[in-house]
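> Okay, here's the structure, questions in a sec.
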Amino acid sequence: MTAPIRVLGIDPSTRNVSFVVLEGPTSLIDWGTKTTRKADSPRALEIIRGLVDRFQPQVVAIEDCHARGSRRCARVRTLLDEIVSTVAHEYEVCRISTGSLRSYGQTKYERALALAGRFPELQPRLPRLRKPWMSEDERINLFDALSCALACLGERQTR
Amino acid sequence: MNNYLRTARRRAGLSQDEVALLLGKGSGDTVSRHENYTRTPSVPTVFAYEVIFRANSRELFAGAYEQVRRSIIARSKTLITALSCQSGNTRALRKLRYLESIVEGEQHNQKLP
Chain A
1 MTAPIRVLGI DPSTRNVSFV VLEGPTSLID WGTKTTRKAD SPRALEIIRG LVDRFQPQVV
61 AIEDCHARGS RRCARVRTLL DEIVSTVAHE YEVCRISTGS LRSYGQTKYE RALALAGRFP
121 ELQPRLPRLR KPWMSEDERI NLFDALSCAL ACLGERQTR
Chain B
1 MNNYLRTARR RAGLSQDEVA LLLGKGSGDT VSRHENYTRT PSVPTVFAYE VIFRANSREL
61 FAGAYEQVRR SIIARSKTLI TALSCQSGNT RALRKLRYLE SIVEGEQHNQ KLP
């Protein structure tokens with residue numbers, strides 16, 4: 001019997017770094033959101049380095065910010081590229097395009113709802129439905145990190 | 001990963017302080033040390049974790065179990081080499097068969113007194 005692949009899904013945002021650790025598509029090992037308090041890329045990189053050292057994943061899954069449909073700001077794009085350059089020589093990096101995340105739902109909220117149903121332990125983290133005047137809830141990044149990790153596992157299975 | 005205590009605790013929806021209370025410890029610091037692999041729990045604490053999280057210790061401490069299993073297999077191989085010199089002896093042959101089954105990873109349901 002082979003051990004399931006451990007995937008670390010990361011989704012950095014303006015002030016936070018959300019992460020999930022999966023061992024196979026059904027086993028959620030750890031999850032959380034670490035704050036950098038402000039737009040602080042070096043601190044975010046330090047947090048990611050700590051996560052990678054702790055969980056020692058086989059694959060690190062992040063969003064492909066250069067793919068069509070990605071709407072990340074310039075700082076986060078640079079940060080995502082820095083993550084790849086920091087982690088890539090030790091671990092396999094899987095870049096997931098926004099398009100491949102759509103299999104879990106068209107909108108971020110739909111995806112979060114579907115994933116909270118699949119992983120009941122994440123239900124307390126599910127944000128409220130966003131109204132047009134509301135800014136994006138930072139809890140949604142956790143579900144983005146999870147959908148990246150799941151999409152990465154799906155890509156590896158189809159190979 | 002050395003252990004899955006944090007995963008089991010978070011799935012159960014318990015805080016470190018609550019688990020510490022169930023373990024009969026003063027604060028969540030002890031639980032934190034166990035989760036971060038800085039301290040190895042004692043045998044009664046391992047059993048307590050089994051009861052709290054309703055999982056067996058081999059699953060909860062999967063990394064530690066694997067590490068111990070590998071070292072036992074390595075030592076069994078050493079003992080097999082030492083016993084191979086006495087291959088004419090029936091007792092030694094019995095021991096050799098037993099040690100080989102450990103190396104092959106067989107499960108023995110040996111009844112203990």
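Protein chains in written order, with the numbering used here: chain A, 1 to 159; chain B, 1 to 113. Glycine included, each C-beta is placed from N, C-alpha and C at the ideal position.
(1) Given A:Ile29, which residues of its chain have a CB within under 6 Å of its CB, disregarding the five upstream and five downstream residues?
(2) Which bits of chain A does B:Thr38 rub up against, with CB to CB less than 9 Å?
(3) Find out if the Cβ-Cβ distance for the pair B:Gln16, B:Ser42 is shorter than 8 Å.
(4) Looking at chain A, is there any beta carbon in it that lies within less than 8 Å of the beta carbon of B:Arg6?
(5) What's the call for B:Asn202, buried or exposed, on a 16-neighbour Cβ count within 10 Å?
(6) Would you verify that the beta carbon of B:Arg54 is, or is not, closer than 8 Å to some beta carbon of chain A?
(7) If you count every other CB in all the chains shown that lies within 10 Å of the CB of A:Asn16, and 16 or more means buried, which is it?
(8) Do the CB positions of A:Ser147 and A:Tyr109 come within less than 8 Å of each other?
(9) Kindly indicate if chain B contains any beta-carbon less than 8 Å away from that of A:Asp30.
(10) Is there at least one non-hydrogen atom of the ligand MN closer than 7 Å to the beta-carbon of A:Pro127?
(11) Quick check on the DSSP output: the beta strand (DSSP E) that includes A:Pro12 runs from which residue to which?
With the given structure in hand:
(1) In the first sequence, residue 29 of chain A corresponds to position 29, counting from 1. Correct list, in chain order: Val21 and Glu23.
(2) Along the second sequence, one-based indexing puts residue 38 of chain B at 38. Residues of chain A passing the Cβ test: none, with the nearest at roughly 12 Å.
(3) What you label residue 16 of chain B is simply residue 16 of the second sequence in a count that begins at 1. What you label residue 42 of chain B is simply residue 42 of the second sequence in a count that begins at 1. No, they are not a contact pair.
(4) Within the second sequence, numbered from 1, the residue matching residue 6 of chain B stands at position 6. By this cut-off, B:Arg6 is an interface position.
(5) Residue coverage of chain B in this structure runs from 1 to 113, which leaves residue 202 of chain B outside it and unanswerable.
(6) Reading the second sequence from its first residue, position 54 is the one you call residue 54 of chain B. B:Arg54 does not count as touching chain A.
(7) The sequence position of residue 16 of chain A within the first sequence is 16, counting from 1. Flag for A:Asn16 reads buried.
(8) As a position in the first sequence, residue 147 of chain A is number 147, starting the count at 1. As a position in the first sequence, residue 109 of chain A is number 109, starting the count at 1. No, the pair does not count as a contact, with Cβ atoms beyond the cut-off.
(9) For the purposes of this step, residue 30 of chain A is taken as the residue at position 30 of the first sequence. Interface residue, yes.
(10) Within the structure as shown, the ligand MN is missing, as the structure has no ligands at all.
(11) For the purposes of this step, residue 12 of chain A is taken as residue 12 along the first sequence, with counting starting at 1. Segment Arg6 to Pro12, the beta strand (DSSP E) holding A:Pro12.
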